Structure formats: C-alpha cells, structure tokens
Amino acid sequence: MPLDWATVERRYGDGASIPTVAGGKTLQITGVDADGVHIRNALWRDTLRRADLEKAVALVETDRMSRHAGLFVEEYRTLVADVRATSAAHVLKDLGFLE
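Just so we're aligned: 63 in full-length UniProt numbering is position 63 of the sequence shown, and the numbers increase by one with no gaps anywhere.
Next comes the structure, spelled out in structure tokens:
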C-alpha cells in the first residue's frame with residue numbers, strides 16, 4: 001500500500017514523539033506539511049522529504065528494499081537519499097511499513 005500522506009498529516013501534523021528503532025529514545029516530530037515531516041533533536045532540525053519517504057515506501061512494498069529497520073537504513077542511503085536515513089526508518093516503522 002503506498003504512503004497515504006493524509007494519514008501522515010493526521011498522525012503527525014500537530015507534532016509527536018515516536019519511539020526510535022532501537023528503543024529507549026524518541027524522535028521528536030514537530031509537524032508535517034506538503035513538503036515533508038519536520039523533525040528535531042537537541043542538536044539539529046531537519047525535514048524528511050515527502051518524495052523520499054514515498055519512494056522508500058514504494059521500494060519496500062515492491063520488495064526492492066528491506067522491511068527490517070536495520071537493513072533499511074543502509075538501503076535508504078543508497079537507493080533514496082543519504083539524509084537522515086535512521087530518522088526515516090523511525091517514522092516508517094511507526095507507520096507500520098517496517099519491522
């Protein structure tokens with residue numbers, strides 16, 4: 001199933017704190033807009049681009065990328081974008097696309 005951006009907006013639009021893949025920590029989502037999911041931690045702020053997340057989901061859904069969060073990170077860097085791959089894994093795991 002492709003990434004439904006309306007669901008992403010409803011879920012994270014007002015911000016959220018989601019568990020990290022490794023557990024024990026959280027990723028802070030500050031909001032969502034048409035461009036992407038805005039994230040931050042104590043040291044930086046960034047945006048996970050919508051186009052990158054949609055491409056990653058399409059690759060996972062067609063078995064061209066792993067559903068395993070640990071393997072997904074390296075594949076994301078290679079096949080999608082070399083930007084905040086771990087954060088993308090946290091979000092897509094929280095959305096149910098990764099294990």
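Even glycine gets a Cβ: it sits at the ideal position worked out from N, Cα and C.
In this text, all values refer to a predicted model and were calculated from it rather than measured experimentally.
- Task: State the Cα-Cα distance for the pair Gln28 and Arg45, rounded to the nearest angstrom.
- Result: Take the alpha-carbon of Gln28 and the one of Arg45: they are about 10 Å apart.
- Query: In chain order, what residues of the same chain have a beta carbon less than 6 Å from the beta carbon of Gly70, not counting five sequence neighbours either side?
  - Reply: Closer than 6 Å at Cβ, skipping near neighbours: no residue.
- Thr86 - DSSP class collapsed to helix/strand/coil: In the structure shown, Thr86 sits in a helix (DSSP, three-state: H, G or I).
- Query: For Phe72, which residues from the same chain have a beta carbon less than 7 Å from its beta carbon, with the 5 sequence-adjacent residues on both sides left out?
  - Reply: The residues are Met65, Ser66, Ala89 and Leu98.
- Hey, quick one: how far does the beta strand (DSSP E) through Leu48 stretch, first residue to last? In this chain, the beta strand (DSSP E) harbouring Leu48 covers Arg45 to Arg49.
- Any chance the region 74–90 sits against the region 56–65, with 3 or more Cβ pairs inside 8 Å? Yes: at least three Cβ pairs fall under 8 Å.
- Message: Judging by CA-CA distance, which residue of Asp94, Asp33, Lys93 and Tyr76 is the nearest neighbour of Glu9?
- Response: Selected option, being the one with the closest Cα: Asp33.
- Message: Can you give me the C-alpha to C-alpha distance between Leu92 and Gly24, rounded to a whole angstrom?
- Response: Taking the straight line joining both Cα atoms gives about 17 Å.
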